[in-house]
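Engineer: Protein sequence lines, in the order shown, are assigned to chains L and Z.
Numbers in the working numbering are just positions in the first sequence, counted from 1, shifted up by 390.
Numbers in the working numbering are just positions in the second sequence, counted from 1, shifted up by 335.
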Amino acid sequence: METVIEVRNLVKRYGDLMAVNGIDLDVQAGEVYSILGPNGAGKTTSVEIMECLRRKTSGEVRVLGHDIERGQKEIKKRIGVLPQSFNAFDYLTVKENIEYFGGLFDKRIPTDELIDAVQLQDKRDVWFINLSGGLKQRVGVAIAMVNDPDLVFLDEPTTGLDPKARREVWEVIRNLKSRNKTVILTTHYMEEAEVLSDHVAIMDEGRFIAMGTTRQIIDQHGSGSTCIVKGANDAAVAALRSAGMICEANDGDLLVRIEDKGSLPKIVGFLSSPEVTYDEVLIKGSSLEDVFLKLTGRKLAEAEQ
Amino acid sequence: MRPKHVLVDLKGQARSFFRIKSNIFWVFAFPLLLIVIFGAIFSNMGSEMVTLNVQDLDEGPGSQQLLAAINGTGMVKIRFISPLADLEQHIKDNSLAHVMVVPANYSANLASNITAPVELRLDETVSTSGTVFNAVNGVVNAVNLQMAGGEQRVTIEVGSIVQKRFTFLDFFVPGIIGLTVMTTCVFNVQGTISRFRANGIFRKLATTPMTPFEWLLSRILWHLFISFLTLAVIMGFGVLLYGMNMSVNLPVVLMIVAGSAMFSALGMIVARFVKNEETASMAANAITFPMMFLSGTFFQLEMMPSYLQQVAAVLPLTYMSQGLRDAMVYDNLAGAYFNLAVVAAIAVVFVIAAVLITKWEEG
Ligand SMILES: Nc1ncnc2c1ncn2[C@@H]1O[C@H](COP(=O)(O)OP(=O)(O)O)[C@@H](O)[C@H]1O
Ligand SMILES: [Mg+2]
């Protein structure tokens, strides 16, 4: 398989701040690779160095086989970029916006084909300023594809969108993958990374604190599955607590760690005794959110502030 | 340099510019409103006080009595021209419409009981000339009556002044063209750059083959087009509505080119140095506002205190407006080219500075 991006010990310093603090990355052709992390983790800085928009402090970066400093021109021809919080020209229509950016490249995909790809056929003559947030981002993705790039960078394409709009953007990203594009996606939505990517790197304070497939990361850093007992009565709480299995309790909702194969029968045993009552029992696997919590002591959402 | 990139951006501007309502306001409505409002204010102000310019070569008791009587009518206000002044030149330089000359031997003639003519020169195209004639004629009749036998001793020799007369609008309209070119170029370019920066458009453009220079060139060219549109609209308005007589000649064309480039580059420089969108717009205001009022757009520089005239002398709009006036209405080509040279020199400096500091993104 062709390696599309190769990053070795990349460092970017802004004055005293180490925005990117020695990351390594290998991205293979045709995959969706997510960089997941809270605001300020260094995601944008990292991808913009790969896009030849910012200068690195040190380290080595090769994109599509070219060194980012010597091969800028070649790289720019073959990448497509959706910058973070990008807004196209407010007073051009969807079609005119795509034509504008397409006109700047020698190699380009026909505008209509791009409009189809992001499913904006009925909005083609609407001014950009009059589109909803989700539609704007889809225009942004179309613009990122005008030059039929091999590698597409999407910097937080769904931040600020409502869940429905977010899912529609996911559709568009899946579509990119089905066209054999390599996609680098940054996000701070754990679910987005889990659903869309082949590989994920979790970033915090300029470092990758975990990377691999979602499965690998969870296997390696996750804390196993958790049994959630909702609406448990005092007897249930007392029984589980005496067994030392409760990791979190609040108002009759219990999180019980499933540490090994024997845990589950034990829990079932406690729950079946006659004085114990509860509303429902769920079993939940470990998520990237849990991994982030475990590795940093913070929740992804909290780390935002 | 790829002309194709410049054309793509020009096309984008052409498509979007007039979809933005505020652009229509600043390019069309704003200058025309100013002309209508100020035209109305100043065309009425002129008729209240009629000035009679008097060159008293006699300076004797007779002339003093006569002039005091004319002043006493309350119909005209007398302003003296030095007896040493070259009258023809003085009339021309100050665009005088009513002039009276009292000859050197006036008092002596009266004393010797022989005819004593005074000379009254009026521009018949100016409506107040009738008032002046009536005032002077009434006084002369009274003086004659008062004298022995009511003989016609004092006579009036009426002559005419024929010259190109400039109204407030002649002064004002070229200034409004300069002002509008300034505001549209500075605010549009600054606003566009600030907005594009906030919207990530420059970061996006940085990933395309277009260079910052191509972008900048396209923006300057577009504002050149808008500036010529401004010239055409305002001139057409003045000619059709006020019957003004303005010409478009080479210095006018060159001044629009130089002025437009100068102010577009100024907008770029402001937006580059002031990163925050709101602060940048405030900075653009802070630069254009003094020019609006101190560059002789609304009133002649000579009416301002001398320290403000010194301020005006360093403001680029002063030279643009004065140059346009010289070329469009005053037929003063020497003045037009001098002002053009000043504006062109500033434009070159500003454009070079803008080219040097323009890049897609920092970091
Ligand atoms: N141009 C810059 N100058 C100085 N500091 C910056 C600059 N860009 C980003 N930073 C800082 O670098 C860190 C990483 O930022 P960024 O790469 O934007 O993170 P993310 O995209 O993950 O939110 C943040 O602390 C941010 O404040
Ligand atoms: Mg970011």
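Yeah, the Cβ is synthetic: ideal placement off N, Cα and C, and Gly gets one too.
(1) Smallest Cα separation from A626/L: which of L645/L, S615/L, T603/L and T549/L?
(2) Run through DSSP, which three-state label would C520/Z get?
(3) Using the Cα positions of P473/L and S357/Z, report the straight-line distance between them to the nearest angstrom.
(4) Can you grab the Cα-Cα spacing for the pair G698/Z / V397/L, in whole Å?
(5) Run the CB neighbour count on L696/L, radius 10 Å, all protein chains shown included, and call it buried at 16 or more, exposed below.
(6) Could you pull the start and end residues of the alpha helix (DSSP H) that H611/L belongs to?
(7) Along chain L, in chain order, which residues have C-beta atoms closer than 9 Å to that of I355/Z?
(8) How about L407/L: is its Cβ closer than 7 Å to a heavy atom in ligand 1?
(9) Going by Cα to Cα distance, which pick from N580/Z, V574/Z, V437/Z and V493/Z is closest to R321/Z?
(10) Say yes only if the C-beta of D545/L is nearer than 7 Å to one or more non-hydrogen atoms of ligand 2, and no if none qualify.
(11) Between V536/L, M601/L and R556/L, which lies nearest to H611/L when the distance is taken from Cα to Cα?
(12) In whole angstroms, what is the alpha-carbon distance linking W517/L and L482/L?
(13) So, with DSSP's three-state summary, where would you put A541/Z?
(14) Residues of the stretch 536 to 552 of chain L in Cβ contact with chain Z at a cutoff of 7 Å, in chain order, please.
(15) According to DSSP, is T386/Z part of a helix, a strand, or is it coil?
(16) Cα separation between L426/L and V559/L?
(17) How about G430/L: is its C-beta nearer than 8 Å to some C-beta of chain Z?
(18) Would G596/L pass as a contact of N411/L if the rule is Cβ separation under 8 Å?
(19) When Cβ atoms are compared, which residues of the stretch 444 to 478 of chain L fall closer than 9 Å to chain Z?
(20) Expressed to the nearest angstrom, what Euclidean distance is found between the alpha-carbon atoms of I618/L and P664/L?
(21) Between T577/L and ligand 2, is there a pair consisting of the residue's CB and a ligand heavy atom that are separated by less than 7 Å?
(22) Can you tell which of V493/Z, L564/Z, E492/Z and N476/Z has the C-alpha that lies nearest to the C-alpha of E486/Z?
(23) Residues of chain Z with a CB under 7 Å from the CB of E679/L: which are they?
(24) Along the chain, where does the beta strand (DSSP E) containing D643/L start, and where does it finish?
(25) Consult DSSP for F543/L and reduce its assignment to one of helix, strand or coil.
(26) Using a Cβ-Cβ cutoff of less than 7 Å, which residues in the same chain neighbour I413/L once the five nearest sequence positions on both sides are dropped?
(27) In the DSSP output, which residue or residues are listed as bridge partners for L455/Z?
(28) Does the distance between the C-beta of K539/Z and the nearest non-hydrogen atom of ligand 1 fall short of 7 Å?
(29) Please check the pair V678/Z and Y654/Z, which I expect to be a contact at CB under 8 Å, by giving their CB distance rounded to whole angstroms.
(30) Pull up the distance between the alpha-carbon of E696/Z and that of I604/Z, whole angstroms please.
(31) Looking at the unbroken alpha helix (DSSP H) that takes in I555/Z, where does it start and where does it end?
(32) When DSSP builds the beta bridges, which residues end up paired with I369/L?
(33) Output needed for G675/L: all residues of its chain with C-beta closer than 6 Å, excluding positions within five of it in sequence on either side, in chain order.
(34) Verify the CB distance criterion: does N674/Z have a CB-CB separation below 8 Å to chain L?
(35) Touch check for the stretch 683 to 695 of chain Z and the stretch 596 to 611 of chain Z: three-plus C-beta pairs under 8 Å?
(36) Taking 7 Å as the limit between beta carbons, can you name the residues of its chain near M626/Z, skipping five residues before and five after?
Structural biologist: In short, the structure shows the following:
(1) By 1-based counting over the first sequence, the position of residue 626/L is 236. Closest option to A626/L, Cα to Cα, is L645/L.
(2) What you label residue 520/Z is simply residue 185 of the second sequence in a count that begins at 1. Reduced to three states, the DSSP call for C520/Z is helix.
(3) The sequence position of residue 473/L within the first sequence is 83, counting from 1. The sequence position of residue 357/Z within the second sequence is 22, counting from 1. In a straight line, the C-alpha of P473/L is about 28 Å away from that of S357/Z.
(4) Here the question's residue 698/Z lines up with position 363 in the second sequence. Here the question's residue 397/L lines up with position 7 in the first sequence. Per-residue confidence for G698/Z stands at a pLDDT of 49, beneath the threshold of 50, marking its modelled position as unreliable; the derived number appears in the next sentence. Cα to Cα, the separation comes out at about 19 Å.
(5) Nothing can be reported for residue 696/L, as the shown portion of chain L is limited to 391 through 695.
(6) Along the first sequence, read from residue 1 onward, the residue named residue 611/L stands at position 221. Here the alpha helix (DSSP H) through H611/L covers T604 to H611.
(7) For this step, residue 355/Z is matched to residue 20 along the second sequence. In chain order: D480 and Y481.
(8) Reading the first sequence from its first residue, position 17 is the one you call residue 407/L. Yes, the Cβ of L407/L comes within 7 Å of a heavy atom of ligand 1.
(9) Within the shown structure, residues of chain Z are numbered from 336 to 698, placing residue 321/Z beyond reach of any answer.
(10) Along the first sequence, read from residue 1 onward, the residue named residue 545/L stands at position 155. Because some heavy atom of ligand 2 lies under 7 Å away, the Cβ of D545/L counts as near it: yes.
(11) Position 221 of the first sequence, counted from the first residue, corresponds to residue 611/L. Nearest option by C-alpha distance: M601/L.
(12) The residue labelled residue 517/L in the question sits at position 127 within the first sequence. The residue labelled residue 482/L in the question sits at position 92 within the first sequence. W517/L and L482/L: Cα-Cα distance of roughly 5 Å.
(13) Along the second sequence, one-based indexing puts residue 541/Z at 206. It is coil, neither helix nor strand.
(14) none
(15) As a first step, residue 386/Z is located in the second sequence; it is residue number 51 there, counting from the start. Three-state result, T386/Z: strand.
(16) Numbered from 1 along the first sequence, position 36 holds the residue referred to as residue 426/L. Numbered from 1 along the first sequence, position 169 holds the residue referred to as residue 559/L. So the two alpha carbons sit approximately 17 Å from each other.
(17) Indexing the first sequence from 1 puts residue 430/L at position 40. Taking Cβ atoms only, chain Z never reaches closer than 8 Å to G430/L, which makes this a no.
(18) What you label residue 596/L is simply residue 206 of the first sequence in a count that begins at 1. What you label residue 411/L is simply residue 21 of the first sequence in a count that begins at 1. Against a cut-off of 8 Å, the Cβ pair of N411/L and G596/L comes out as a contact.
(19) R444, R445, K463, K466, K467, I469, G470, V471, L472, P473, Q474, S475, F476, N477 and A478
(20) Against the first sequence, residue 618/L aligns to sequence position 228. Against the first sequence, residue 664/L aligns to sequence position 274. In a straight line, the C-alpha of I618/L is about 19 Å away from that of P664/L.
(21) Along the first sequence, one-based indexing puts residue 577/L at 187. No, the beta carbon of T577/L sits no closer than 7 Å to any heavy atom of ligand 2.
(22) Here residue 486/Z corresponds to residue number 151 of the second sequence, with the count starting at 1. Checking every option, the nearest Cα to that of E486/Z belongs to N476/Z.
(23) What you label residue 679/L is simply residue 289 of the first sequence in a count that begins at 1. Residues of chain Z passing the Cβ test: none, with the nearest at roughly 28 Å.
(24) Translated into the one-based positions of the first sequence, residue 643/L becomes position 253. That run of the beta strand (DSSP E) goes D643 to I648.
(25) Taking the first sequence and counting its residues from 1, the one referred to as residue 543/L is at position 153. In this structure, F543/L counts as strand in the three-state DSSP scheme.
(26) To locate residue 413/L, count along the first sequence from 1; it is residue 23. V397, L400, S436, R597 and F598, listed in sequence order.
(27) Taking the first residue of the second sequence as 1, we reach residue 455/Z at position 120. In the DSSP output, where bridge partners are listed per residue, L455/Z has M435/Z and V493/Z.
(28) Start at 1 with the first residue of the second sequence, and residue 539/Z comes out as number 204. No; taking the cut-off as 7 Å, the Cβ of K539/Z has no heavy atom of ligand 1 nearer than that.
(29) On the second sequence, position 343 is the one that residue 678/Z refers to. On the second sequence, position 319 is the one that residue 654/Z refers to. Confirmed, about 5 Å.
(30) By 1-based counting over the second sequence, the position of residue 696/Z is 361. By 1-based counting over the second sequence, the position of residue 604/Z is 269. So the alpha carbons of these two residues sit roughly 15 Å apart.
(31) Within the second sequence, numbered from 1, the residue matching residue 555/Z stands at position 220. First-last of the alpha helix (DSSP H) with I555/Z: P547 to Y577.
(32) Residue 369/L lies beyond the range of chain L shown here (391 to 695); nothing can be said about it.
(33) The residue you call residue 675/L lines up with position 285 of the first sequence. Hits under 6 Å: S615.
(34) Reading the second sequence from its first residue, position 339 is the one you call residue 674/Z. It does not: the Cβ of N674/Z has no partner Cβ on chain L nearer than 8 Å.
(35) yes
(36) Here residue 626/Z refers to the residue found at position 291 of the second sequence. Excluding positions up to five away in sequence, the list reads M517, L650 and L652.
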